[in-house]
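Enquirer:
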Amino acid sequence: MGIEDINTMKNGFIVVPFRLPDHKALPKGKEASLHFMFARKHQSSNANESNCLFLVNLPLLSNIEHMKKFVGQLCGKYDTVSHVEELLHNDEFGLHEVDLSALTSDLMSTADANEKRYTPRNTALLKFIDDASINNCWNALRKYSNLHAKHPKELFEWTYTTPSFTTFINFYKPLDIDYLKEDIHTHMMIFEQREAQAQEDIQSSIVDEDGFTLVVGKNTKSLNSIRKKILNKNPLSKHENKAKPISNIDKKAKQDFYRFQVRERKKQEINQLLSKFKEDQERIKIMKAKRKFNPYS
Amino acid sequence: MATSVKRKASDPNIAEGHKKRSTQASTTDRAPEEDNHNDPVTNEPVVPEQGNGDENDASDDRDITVKNTTSRRNGRATATESHDIHIARETAELFKSNIFKLQIDELLEQVKLKEKHVLKVEKFLHKLYDILQEIPEWEEKTLAEVDSFFKNKTVSVPFVDPKPVPQTTNYKFNYKKPDISLIGSFALKAGIYQPNGSSIDTLLTMPSELFEKKDFLNFRCLHKRSVYLAYLTHHLSISLKKHKLDSFLQIEYSYFDNDPLLPILRIFCSKPTSDSPSEYNFYKTRFSINLVVGFPYKVFEPKKLLPNRNCIRIAQESKEVSLPATPLYNFSVLSSTTHENYLKYLYKTKKQTESFIEATVLGRLWLQQRGFSSKMSHSGSLGGFGTFEFTVLMAALLNGGGVNSNKILLHGFSSYQLFKGVIKYLATMDLCHDGHLQFHSDAENSSSSLASKYINEGFQTPTLFDKSTKVNILTKMTVSSYQILKEYAGETLKMLNNVVQDQFSNIFLTNVSGFDNLKYDLCYDIQLPLGNYNDLEASLASTFGSMERVKYITLENFLVHKITNIARYALGDRIKFVQVEMVGQKSNFPITKRKVYSNIGGNHFNFDFLRLKLSVNPAECEKLVTKGPAHSETMSTEAAVFKNFWGIKSSLRRFKDGSITHCCVWSTSSSEPIISSIVDFVLQKHISKKAQVSNNITKQFHNFLPLPNLPSSASTSVLNLSSFFNLKKSFDDLYKIVFQMKLPLSVKSILPVGSAFRYTSLCQPVPFAYSDPDFFQDVILEFETSPKWPDEITSLEKAKTAFLLKIQEDLTTNRPTYKSFFTRDESIPYNLEIVTLNILTPEGYGFKFRVLTERDEILYLRAIANARNELKPELEKTFLKFTAKYLASVRHTRNLENISHSYQFYSPVVRLFKKWLDTHLLLGHISDELAELIAIKPFVDHAPYLIPGSVENGFLKVLKFISQWNWKDDPLILDLVKSDDDMENSLETSIGAGSELDSKMMKKLSERLTLSQYKGIQMNFANLRNSDPNGSHLQFFVASKNDPSGILYSSGIPLPIATRLTALAKVAVNLLQTHGLNQQTIDLLFTPGLKDYDFVIDLRTPVGLKSSCGILSATEFKNITNDQAPSQFPEDLNDLSEKMDPTYQLVKYLNLKYKNSLILSSRKYIGVNGGEKGDRNVITGLIKPLFKGPHKFRVNLDCNIVPVDDDNVVLNKEAIFHEIAAFGNDMVVKFETD
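Quick note, the sequences are listed as chains R and W, same order.
Those letters in the first sequence? Residues 1 to 297, per UniProt numbering, in order.
Those letters in the second sequence? Residues 1 to 1234, per UniProt numbering, in order.
1. Which first and last residues belong to the beta strand (DSSP E) in which residue 1143 of chain W is found?
2. Could you give the residue range of the alpha helix (DSSP H) that holds residue 106 of chain W?
3. Hey, how far is the Cα of residue 347 of chain R from the Cα of residue 262 of chain R?
4. Output the distance between the C-alpha atoms of residue 228 of chain W and residue 155 of chain W, rounded to the nearest integer angstrom.
5. Using the beta-carbon of each residue, which ones in chain R are nearer than 7 angstroms to residue 801 of chain W?
6. Report the CB separation of residue 71 of chain R from residue 38 of chain R in whole angstroms; it is logged as a contact under 8 angstroms.
7. Is the CB-CB distance between residue 840 of chain W and residue 1129 of chain W below 8 angstroms?
8. Check the Cβ of residue 295 of chain R against every Cβ in chain W and list those closer than 8 angstroms, keeping chain order.
9. Between residue 707 of chain W and residue 1111 of chain W, how many whole angstroms is the CB-CB distance? I'm expecting something under 8 angstroms.
10. Name the residue from W:629, W:1011 and W:266 whose alpha carbon lies nearest to the alpha carbon of residue 664 of chain W.
11. Here's the rule I'm using: 16 or more other beta-carbon atoms within 10 Å means buried, otherwise exposed. How should residue 390 of chain W be labelled?
12. Give the range of the alpha helix (DSSP H) segment to which residue 288 of chain W is assigned.
13. Measuring alpha carbon to alpha carbon, tell me which of W:947, W:925 and W:915 ends up nearest residue 903 of chain W.
14. For residue 423 of chain W, would you say it is in contact with chain R, using Cβ-to-Cβ distances shorter than 8 angstroms as the test?
15. Could you give the distance in angstroms between the alpha-carbon of residue 562 of chain W and the alpha-carbon of residue 626 of chain W?
16. Would you say residue 934 of chain W reaches chain R, if we count a Cβ-Cβ gap shorter than 8 angstroms as a contact?
17. Measuring only the C-alpha atoms, how far is residue 966 of chain W from residue 761 of chain W?
18. How many Å lie between residue 147 of chain W and residue 702 of chain W at the Cα?
19. Could you tell me which of R:30, R:34 and R:49 sits nearest to residue 154 of chain R, measuring between CA atoms?
20. Got a sec? Which residues, its chain only, sit under 8 angstroms from residue 624 of chain W by beta carbon, not counting five neighbours each side?
21. Whose C-alpha, out of W:1198, W:1051 and W:256, is nearest the C-alpha of residue 91 of chain R?
22. Short of 9 angstroms Cβ to Cβ, which residues in the segment 24-35 of chain R face chain W?
23. Compute the distance between the beta-carbons of residue 175 of chain R and residue 862 of chain W, then report whether it is under 8 angstroms.
24. Return helix, strand or coil for residue 852 of chain W, following the three-state DSSP convention.
25. Would you check whether the ligand FAD has a heavy atom nearer than 7 angstroms to the C-beta of residue 595 of chain W?
26. If we ignore side chains and look at the alpha-carbon of each, how far apart do residue 258 of chain W and residue 416 of chain W end up?
27. Measuring only between beta-carbons, confirm whether residue 1152 of chain W sits less than 8 angstroms from chain R.
28. What is the DSSP secondary structure of residue 579 of chain W, counted as helix, strand or coil?
29. Against chain W, with Cβ distances strictly below 8 angstroms, would residue 152 of chain R count as a contact?
30. So, is the C-beta of residue 339 of chain W closer than 8 angstroms to a C-beta in chain R?
31. Is residue 1126 of chain W close to chain R? Criterion is C-beta to C-beta, closer than 8 angstroms.
32. Is it buried or exposed, residue 208 of chain W, if we count other Cβ atoms within 10 angstroms and call 16 or more buried?
33. Report, in whole angstroms, the separation of the C-beta atoms of residue 913 of chain W and residue 935 of chain W, which I expect to be a contact under 8 angstroms.
34. Any contact between the segment 1203-1213 of chain W and the segment 43-51 of chain R? By contact I mean 3 or more CB pairs, one from each, below 8 angstroms.
35. At a Cβ threshold of 8 angstroms, is residue 162 of chain R touching chain W?
36. Starting from the beta carbon of residue 94 of chain R, find every residue of chain W whose beta carbon is closer than 7 angstroms, and list them in chain order.
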């Protein structure tokens, strides 16, 4: 079985090949290079995600326009009609993989976050306007995927969006100050509203089962209270040995009042010395095994 | 001799037995009266650090031990345990620490001679003894008769220069049976295994009847010895044939310890050819045997051979001039009479001192690793202080040594204490200029009158004087050799006193002298015009007359002495010490030859070329003026000497303080240290006009540093930091402006954190060179604390930007000369809202302001707490990035800036290292801070080497360190403090000069890591490795006080990149060690190996960025600044982007897209490494090993794939290449795949 014969993967994904355009710097092979996208009908309880195709491995810098063009080409070829609405969850560079804003805020409800969709990298959802559209497209894709084996020449050639030199240097351009001001202004407004809302929610009395009203102080966000809670999350202290804090009682107690305390302490010291000695011997053994004692190496 | 060999062979058994009995009791049995000898007034003897416990305590402890052990009656385990406790206690007192003792034990075990080998060679020694006995005695012969005897023989008489002539030689030569005995380490059983083999010294003492009273004069006894040796050699070679030993035994002449007055016969074996070699073939043992011909003890009056006597009488024109002293000759004659005496002396001391041999072995290793030996140092190389001198010194110190003859060492000392005592003595007592040590080698009983004594009177030559034999043991040592020894002893003493780090391997295991360019800062090869002897002779002959000949014996000695003196005088305090080596010097020659080289033919020297090796004093090396004596009406002798020495270079100058002084003025250069020009000048002037001094290595390394487009940058020293200071000055102005602004929250601090503030940016700051990636220097702005900062990151960033907008507004209205704009900052992953304010100063520098609030850290931590588990690692990385950029950067910058003033060469070295990293495409993966920390290792933790004093030395040490760093097992723990000397100086000045600081005070003020801090860091490392034993997640653990976690700057480096760094350093060091430093090898160091990658993409940008990065091209006239370089900022700040590097953005996005399957590398500094115009870059790709094979098809595979069957997929390389090509579009000029 060659690659050409594979039109559907075991788990139901249709293989969608594209021919790739030549590039002056790339050596030209005998056969045209192909890109393979994988598609499957998406099933989800989420109403937002109905009529979607689940796509894996989209070509570089794909956007909705590319998809529209492709579906148009496809429908044209197989004489059918299908309309694409939008491309969801396409995060090619993983910039939105982590939503720091949500994670750093107490205000945005965490319940939300659990429901939030996490699509794997290199995948996207292609949303069609209706049921018919997706079915038409699906059927056309099935036919198209068979082309690879029989008429490879008829495969569509993918056209990349190629960023120009200017695209790259534009990253260095200064931000427009008016835009920046406006952006900050609107954002801060929204934030303040949200803040006020949240404050209100907390302050409004929460009555629990027993009929008691939970009272929340205004100062829940003092830095110290937060700090205590999350300080153990610091990855820098991950590998530190945590020392037990000395309690006040221990601090005051005399350690050398009774004779037995002195004796105990000395015993302990000797045991420490001994264990350290044993440890050292072990270390030497390991070092010896690693030939750490050769002055001529 | 047979008996003597046997007698000595039986000794070790006795010693062994003695040792076994006494190991357990060695300290407790220390005689109390010996303790009383410790005189604290001078040179307190080595006191064990931990051993200052209270007496009562100690006895109490012992009780407990006993109780402890007796409670668990008679169990076997108990017995060993108590034994262990005993050893543990004892070693803590006697040695630096337990682990140190165990390490010493292990090391001694490691270097022990193999018993089998000793037996083998002893068997031959017995045979040799018999053969030597067979040699027939001779009749008295005249020189003419001797000549005719050897005329048809293969053996030549190894006469020393000057060869005697029959006409004037009226004494007789003879051979009578010698007295044979073993001497040296082998006889003392102090020999150790050495991979290159060691020699056994056998002494043949000529009978006294062969000498007359005055034979010590004018080489007479030496010539007699030469004939004696030749006769012996002649008969020995016949006997060897007779006994059928000649098939594998080889004999040749050699000079004992390189002393040209002392020819000896060397016997060694060739590799056995048959499978069943002769029973006498000791080839495998790697021993060789030296037959040393000695004179009977006290055959000549020792007083007449004192170092200040003349024993070579030469004809002289006027009787008034007294003949010069002949110390080298005298020593050679006198020490030939004392071999056996010293053997006895050392043997006696060994018997009295249990750990004597062990300490000797430690001393031998220590000396060897530093390149010291007993060889003559007068003909170059380190020498004059080998194991013999070490042991004699140790013996002398066991019998006194203080100014009041107080004992420095005690017989009961452990090997560590003995060793440390000798090192301390060497480090702290001057035996050359301020004083000397005298001792008695034949003291029968240690009565106080015969005790060793330090005398406060120096002879300007290293002196360890034996009152009994009148020998100065250190005669073979030159002053410069002694200075180096003293320096190393000082360094070692510091290591021995270091209780924080384990210095064992630095002291004993690391070979410091393996590679000249690591040991010394600058090396110059001096080619003398050897072919034209006469030319050189003409210039030398005037100075090397008969007077000098009797003093220095050989022309080589004279030359070395002269060059050393010239270098010392000319360079003064620019250097710490100087050493001259004769490369290609030989000391062995065939028995058919009279001496090691012939007078006939072109080469008249016993060397190929000279190498001048310097250790630089970084603080003084680049000063412009060599100051001489003050000017006076009548020329002082000093001034005359100065003028005469410098010739045309000397001039009179008036200084700011009004003084007029003779001096020489030098000019700095970006490609050469001043020392190079001085060395060049003085050697040409004083040695030979045709002397070729070459040091292209330094030049080549210097030229690798990008030359800034600044006025007269070509004549600016690499140590000159003025370009950085200009930037700082511009910042200070801006700082004041911002501080005075009226803002809703007042400014708390403005902290510079950019690399130029700590002098480590690859390119020096050049005004308006805004294409340089380091042009915008990071600055962190903090406002006074406020509870009102938003409690959510995006809003927080927006709020920060609002403040920056206010600053910008203020600046635009009130300071029109300043320009400013905002850009988005991507340094913290996933935080897309950071905006920085970039300010361009009228001086042409750029600063990038970012705001830090007290809430940031909390928010990032909260994100970790709130995140799903699978996201946590990403968020932890984000937190580390934030900490590195905003918090630790402040400490890092402040710390490095502060200490780099103490390590002058750090700045150029770290910049060269960064260039190297970028050449090899690694700088994109390794943060600036990590590179800086790695590069500072050879400075702050320089042991066992010295602090680098040149660019190449520092750079090579960085490479050497990386090549040897086993990061899997070893953390890099850096103590980021100034060098000790600088610390002491600064303390002295701050507290008041002359105030005496006791050690406790020093310790308190010291910012060094304490033991507990150090242990804590080590513990962090151990814990880290517990979870990641192979270092596949984090390779480089680099910790300091600023970052005890050790992971801040090094997490997130891909494993292949880390291993590549190590591999590249290994290859580089290997290359240099096998082929040496030369133009090709250095060029190779900076040539990237692109073959190792899976694909390589050549990029070219439309605009070259070299000149706009502020770098001068090599082709341009270096004294004219480049016109193309921008001299102002564009009117429209949007135009700035036209001269920015687009490849950086391309690579950034490619990395984001393919981070799961590929590792992409490229150059960060396109202006430096991007070809002549700075318009070229490459992207190299490595496919992660995981993606080289097929995978089951899953939707979360996150890579571009092609199906292989209906279940499996592989990486679609073709498609990826097309994508990359399409992405890079016009910039991609070549795409290489395999």
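Every residue, glycine too, gets a C-beta built ideally from N, C-alpha and C.
Expert: A quick look at the data gives this:
1. Position 1143 of the second sequence, counting from 1, holds the residue named residue 1143 of chain W. Careful: residue 1143 of chain W lies outside any beta strand (DSSP E), inside the alpha helix (DSSP H) at 1142-1154.
2. Taking the second sequence and counting its residues from 1, the one referred to as residue 106 of chain W is at position 106. DSSP places residue 106 of chain W inside the alpha helix (DSSP H), whose first and last residues are 98-110.
3. Chain R is shown only over 1 to 297; residue 347 of chain R falls outside these bounds and no answer can be derived.
4. Counted from its first residue, the second sequence places residue 228 of chain W at position 228. Counted from its first residue, the second sequence places residue 155 of chain W at position 155. If you take the alpha carbons of residue 228 of chain W and residue 155 of chain W, they lie about 12 angstroms apart.
5. Counted from its first residue, the second sequence places residue 801 of chain W at position 801. Those are 180 and 184, listed as they occur along chain R.
6. Numbered from 1 along the first sequence, position 71 holds the residue referred to as residue 71 of chain R. Numbered from 1 along the first sequence, position 38 holds the residue referred to as residue 38 of chain R. With 8 angstroms as the limit, residue 71 of chain R and residue 38 of chain R do not qualify as a contact, their Cβ atoms being about 16 angstroms apart.
7. Position 840 of the second sequence holds residue 840 of chain W. Position 1129 of the second sequence holds residue 1129 of chain W. Yes, these two residues count as a Cβ contact at 8 angstroms.
8. For the purposes of this step, residue 295 of chain R is taken as the residue at position 295 of the first sequence. Here the neighbours are 107, 110, 111, 365, 368, 369, 508, 509 and 511.
9. What you label residue 707 of chain W is simply residue 707 of the second sequence in a count that begins at 1. What you label residue 1111 of chain W is simply residue 1111 of the second sequence in a count that begins at 1. About 7 angstroms; that satisfies the 8 angstroms criterion.
10. By 1-based counting over the second sequence, the position of residue 664 of chain W is 664. Comparing Cα positions, the closest option is W:629.
11. Taking the first residue of the second sequence as position 1, residue 390 of chain W is located at position 390. Classification for residue 390 of chain W: buried.
12. In the second sequence, residue 288 of chain W corresponds to position 288, counting from 1. Annotation: residue 288 of chain W is outside any alpha helix (DSSP H); the continuous beta strand (DSSP E) that includes it extends over 287-294.
13. Sequence index remark: in the second sequence, residue 903 of chain W carries index 903 (1-based). Among W:947, W:925 and W:915, the Cα nearest to that of residue 903 of chain W is on W:947.
14. Sequence index remark: in the second sequence, residue 423 of chain W carries index 423 (1-based). Nearest CB-CB separation between residue 423 of chain W and chain R: not below the 8 angstroms threshold.
15. Taking the second sequence and counting its residues from 1, the one referred to as residue 562 of chain W is at position 562. Taking the second sequence and counting its residues from 1, the one referred to as residue 626 of chain W is at position 626. Approximately 20 angstroms between the Cα atoms of the pair.
16. Walking along the second sequence from the start, residue 934 of chain W turns up at place 934. With 8 angstroms as the cut-off, residue 934 of chain W does not count as an interface residue toward chain R.
17. The residue labelled residue 966 of chain W in the question sits at position 966 within the second sequence. The residue labelled residue 761 of chain W in the question sits at position 761 within the second sequence. About 28 angstroms.
18. Position 147 of the second sequence, counting from 1, holds the residue named residue 147 of chain W. Position 702 of the second sequence, counting from 1, holds the residue named residue 702 of chain W. Rounded to whole angstroms, the gap between the alpha carbons of residue 147 of chain W and residue 702 of chain W is 59 angstroms.
19. Here residue 154 of chain R corresponds to residue number 154 of the first sequence, with the count starting at 1. Measuring from the Cα of residue 154 of chain R, the nearest candidate turns out to be R:34.
20. Position 624 of the second sequence, counted from the start, is the residue given in the question as residue 624 of chain W. Only 665, 666, 667, 668 and 674 meet the Cβ criterion.
21. In the first sequence, counting from the first residue as 1, residue 91 of chain R sits at position 91. Distances from the alpha-carbon of residue 91 of chain R to those of W:1198, W:1051 and W:256 put W:1198 closest.
22. From the segment 24-35 of chain R, only 24, 25, 26, 27, 29, 33, 34 and 35 have a Cβ closer than 9 angstroms to chain W.
23. To locate residue 175 of chain R, count along the first sequence from 1; it is residue 175. To locate residue 862 of chain W, count along the second sequence from 1; it is residue 862. The answer is no: Cβ separation not under 8 angstroms.
24. Counted from its first residue, the second sequence places residue 852 of chain W at position 852. Look at residue 852 of chain W here: in three-state DSSP terms it is strand.
25. As far as ligands go, the structure on display features none, and thus does not contain the ligand FAD.
26. For the purposes of this step, residue 258 of chain W is identified with residue 258 of the second sequence, where counting begins at 1. For the purposes of this step, residue 416 of chain W is identified with residue 416 of the second sequence, where counting begins at 1. If I take the Cα positions, the gap works out to 31 angstroms.
27. Within the second sequence, residue 1152 of chain W is the residue found at index 1152, counting from 1. For residue 1152 of chain W, the answer is yes, since a Cβ of chain R falls inside 8 angstroms of its Cβ.
28. Position 579 of the second sequence holds residue 579 of chain W. In the structure shown, the three-state DSSP call for residue 579 of chain W is strand.
29. Numbered from its first residue, the first sequence carries residue 152 of chain R at position 152. No, residue 152 of chain R lies away from the interface with chain W (no Cβ there is under 8 angstroms from its Cβ).
30. Within the second sequence, residue 339 of chain W is the residue found at index 339, counting from 1. False, the Cβ-Cβ gap to chain R never drops below 8 angstroms.
31. Here residue 1126 of chain W refers to the residue found at position 1126 of the second sequence. Answer no: the Cβ-Cβ gap between residue 1126 of chain W and chain R never drops below 8 angstroms.
32. Against the second sequence, residue 208 of chain W aligns to sequence position 208. Exposed, since its Cβ has fewer than 16 Cβ neighbours within 10 Å.
33. The residue given as residue 913 of chain W occupies position 913 in the second sequence. The residue given as residue 935 of chain W occupies position 935 in the second sequence. 5 angstroms between Cβ atoms; contact.
34. Short answer: they don't touch.
35. In the first sequence, residue 162 of chain R corresponds to position 162, counting from 1. Taking Cβ atoms only, chain W reaches closer than 8 angstroms to residue 162 of chain R, which makes this a yes.
36. Here residue 94 of chain R corresponds to residue number 94 of the first sequence, with the count starting at 1. Chain W residues near residue 94 of chain R: 1152.
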